[in-house]
Amino acid sequence: MKIILANPRGFCAGVDRAITIVERALALHGAPIYVRHEIVHNDYVVSNLREKGAVFVEELDEVPDGATVIFSAHGVSRAVRAEAAGRGLHVFDATCPLVTKVHNEVKRFARDGYQILLIGHEGHEEVEGTAGEAPDVVHLVDGAASVDSLDFGPEDKLVWLSQTTLSVDETMEIVQLLKAKFPHITDPPSDDICYATQNRQVAVKAIAERSDLVIVVGSQNSSNSKRLVEVALQGGADASYLVDYAHQVKPEWLDGVTTVGVTSGASVPEILVQDVIKLLDDHGFHTVEVVTTAAEKLVFSMPRV
Ligand code: SF4
276 MKIILANPRG FCAGVDRAIT IVERALALHG APIYVRHEIV HNDYVVSNLR
326 EKGAVFVEEL DEVPDGATVI FSAHGVSRAV RAEAAGRGLH VFDATCPLVT
376 KVHNEVKRFA RDGYQILLIG HEGHEEVEGT AGEAPDVVHL VDGAASVDSL
426 DFGPEDKLVW LSQTTLSVDE TMEIVQLLKA KFPHITDPPS DDICYATQNR
476 QVAVKAIAER SDLVIVVGSQ NSSNSKRLVE VALQGGADAS YLVDYAHQVK
526 PEWLDGVTTV GVTSGASVPE ILVQDVIKLL DDHGFHTVEV VTTAAEKLVF
576 SMPRV
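All residue numbers for the sequence shown refer to the working numbering, where the first residue is 276 and numbers rise by one.
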């Protein structure tokens, strides 16, 4: 009985940078440091930072005047930035540069008179931040069914953009529907689905076709982690589950299984993956084969903290 371990998996450059910003802010400025929304969508990371003195809030009105606040890796809307500036809050922005890139595309296309069809999940923080750059001209496309309700004419300048952490295959299906309905729609200047999301999906596909079961380590509110479960199932795994921690792996999932694929989302520390491997070892899965589909070297520069 063996484990096939996907590579790349786990932390991406944007998550690494965001966590480092909170840790540096705590070290240099002392607790409490306020963080608007979970800095990254991972229970273990958020719990650890909370223990060190980070205070996670939903909105800025929970942050006292004059305090330091960090914007999460998912980015914030224009209105949130303006509110922070208006209240004189001391801000460190941990927005992933690849999310900022999409914000800049929204600003540019809005300025050039486009209606922007943003493919993404309603209610996700990243989508709220991105749409909030130009709320009057951004239209959310959440799933193929929502294409039906879009109503534009040939005179409307249209462009599609997307959330960074979507399923590549599903997004391309939606784009085909958009192009069929609006043949004049413009493509984005470059991929919005980020390198880390794409690489982890390619890697999980490579292990899924050889696995009876794929365990994805990640939190339920992590978009890219949830997409890995879907891609594993589409890629040929008989079953796939998302777990935050090794103890959530149910022994019955392993009944009759001889090969388990393991991967993790972009916000997941490697220690949590190693815990799952240890648990599988305890259940007789003693061999680990690593399947590598890409090498990642990207590192983002840090803002001044
Ligand atoms: Fe940035 Fe992609 Fe990582 Fe999100 S998943 S933080 S967009 S690199």
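Even glycine gets a Cβ: it sits at the ideal position worked out from N, Cα and C. These numbers were taken from a predicted model, which means no experiment stands behind them.
Residues lining the ligand SF4 by the Cβ criterion, that is a Cβ closer than 6 Å to any of its heavy atoms, are 287, 288, 289, 290, 348, 371, 373, 374, 439, 440, 469, 471, 472, 499 and 541 in chain order. Per DSSP, reduced to three states, the secondary structure at residue 541 is coil, with no helix or strand assignment. Between the region 418–434 and the region 381–399 there are three or more C-beta pairs closer than 8 Å, enough to call the two in contact. Bridge pairing for residue 277: 534 and 562 [DSSP].
Under DSSP, no beta-bridge partner is assigned to residue 502. For the pair residue 549 and residue 280, the Cα-to-Cα distance works out to about 10 Å. The alpha helix (DSSP H) runs lying completely inside the region 389–443 and spanning 4 residues or more are 400–406, given in chain order.
Annotation for residue 402: 393, 395, 396, 415 and 438 place their beta carbon closer than 7 Å to its own, counting only its chain and skipping 5 residues before and after. For the pair residue 567 and residue 329, the Cα-to-Cα distance works out to about 35 Å.
At a Cβ-Cβ threshold of 8 Å, residue 283 and residue 474 count as neighbours. In this structure, the CA atom of residue 405 is about 20 Å from the CA atom of residue 578. The criterion of a C-beta distance shorter than 8 Å is satisfied by residue 441 and residue 502. Taking C-alpha positions only, residue 526 is separated from residue 352 by approximately 43 Å. Under DSSP, the beta-bridge partners assigned to residue 331 are 310. Spanning the alpha carbons of residue 309 and residue 408 requires a straight line of approximately 23 Å. Each of 518, 374, 561 and 463 was checked against the Cα of residue 575, and the nearest Cα belongs to 374.
For residue 470, the three-state secondary structure derived from DSSP is helix.
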